[in-house]
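Novice:
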Amino acid sequence: MDVAYALSEIYNGIYSSRSQVHSLERKRYTGVVIPGTLPNTLYLVYTQAEKESLTRQGYGSGPGSRILTVHEAQGLTYGTVVIMRTTTEKHKIYDSVQHAVVAVSRHTVSCVYYTDDCDDATGRLIESAMAATTNRIKEYNLKMALRSRDAAVVEALTTAN
98 MDVAYALSEI YNGIYSSRSQ VHSLERKRYT GVVIPGTLPN TLYLVYTQAE KESLTRQGYG
158 SGPGSRILTV HEAQGLTYGT VVIMRTTTEK HKIYDSVQHA VVAVSRHTVS CVYYTDDCDD
218 ATGRLIESAM AATTNRIKEY NLKMALRSRD AAVVEALTTA N
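Heads up, the sequence shown is in this note's numbering, so the first residue is 98 and it goes up one at a time.
Shown next as structure tokens:
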């Protein structure tokens, strides 16, 4: 639900049919050991240079996993997504809302964004989701489901603990 909440600033009326409220996380890139061989994981980067560098380091080599640029990942879905921005250099691709939308919407279970620059488009979307309380996200989702007359989602949200 947090992805729909974050994307609501861009897509009016969007909501989630999933019961999981929180799925987005942001962590520092520098000094962190990021597992590169997780199974069934989509590793996302922004540039071909990042992709080539991280591929040489073994990222995306776990069974069922791969490493792609955000652009290459359009239309794909994975349970687990790891987004990595390996540089703090300014480039317009990092401030592209379209790339950020694709990046944060490729997962079904969890998405972690590793970066040292939290003020790019992806970081801002994730920050919006992380700053919202569970109740606020659920209330937003319920409001949009009601507006869309989605009885199944409304029932799930009003009968859940």
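Note that beta-carbon positions come from the ideal geometry of N, C-alpha and C, so glycine has one too.
Predicted model, so just to flag it, every value in this text is computed and none were measured.
What residues match up with R163 in a beta bridge as DSSP calls it?
Specialist: As a first step, residue 163 must be located in the sequence shown, where it is residue number 66. The partner list for R163 (beta bridge, DSSP) reads L139.
Novice: Beta carbon of P261, beta carbon of G161: below 8 Å?
Specialist: Examination of residue 261 is not possible in this model, given that the chain is present from 98 through 258 alone.
Novice: Jot down the residue ranges of each uninterrupted beta strand (DSSP E) in the segment 172-211, minimum 3 residues, whole runs only, in chain order.
Specialist: For the segment 172-211, whole beta strand (DSSP E) runs of length 3 or above, ordered along the chain, are 175-181 and 204-211.
Novice: Just curious, the beta strand (DSSP E) that R123 is in, first and last residue?
Specialist: For the purposes of this step, residue 123 is taken as residue 26 along the sequence shown, with counting starting at 1. Element bounds for R123: L121 to K124.
Novice: May I ask you to report which of helix, strand or coil DSSP gives V100?
Specialist: Looking up residue 100 in the sequence shown gives position 3. Residue state, collapsed to three classes: helix.
Novice: Can you give the Cα-Cα distance for A146 and T184, rounded to whole angstroms?
Specialist: To locate residue 146, count along the sequence shown from 1; it is residue 49. To locate residue 184, count along the sequence shown from 1; it is residue 87. C-alpha separation (whole angstroms): 11 Å.
Novice: G110 by DSSP, collapsed to three states: which one?
Specialist: Taking the sequence shown and counting its residues from 1, one reaches residue 110 at position 13. Coil at G110, not helix or strand.
Novice: What three-state label does DSSP hand V129 in the structure shown?
Specialist: Taking the first residue of the sequence shown as position 1, residue 129 is located at position 32. Coil.
Novice: Return the chain-ordered list of same chain residues with a C-beta closer than 6 Å to the C-beta of L239, the five sequence neighbours on each side being excluded.
Specialist: Numbered from 1 along the sequence shown, position 142 holds the residue referred to as residue 239. Counting only Cβ-Cβ distances below 6 Å, and skipping sequence neighbours, we find L254.
Novice: In chain order, what residues of the same chain have a beta carbon less than 6 Å from the beta carbon of G110, not counting five sequence neighbours either side?
Specialist: The residue given as residue 110 occupies position 13 in the sequence shown. Within the same chain, G110 has close Cβ partners M241.
Novice: Can at least three beta-carbon pairs, one atom from the segment 183-198 and one from the segment 208-223, be found at a separation below 8 Å?
Specialist: Counting Cβ pairs under 8 Å, three or more are found: they touch.
Novice: Would you check if the distance between the CB atom of Y211 and the CB atom of I180 is smaller than 8 Å?
Specialist: In the sequence shown, the residue the question calls residue 211 occupies position 114. In the sequence shown, the residue the question calls residue 180 occupies position 83. Cβ atoms of Y211 and I180: closer than 8 Å.
Novice: In chain order, what residues of the same chain have a beta carbon less than 8 Å from the beta carbon of L151, not counting five sequence neighbours either side?
Specialist: Within the sequence shown, residue 151 is the residue found at index 54, counting from 1. Excluding residues within five positions, the ones whose Cβ falls inside 8 Å are G133, Y140, V142, G157, I164, M181 and T183.
Novice: Measuring only the C-alpha atoms, how far is K148 from T166?
Specialist: The count along the sequence shown starts at 1 and reaches residue 148 at position 51. The count along the sequence shown starts at 1 and reaches residue 166 at position 69. So the alpha carbons of these two residues sit roughly 7 Å apart.
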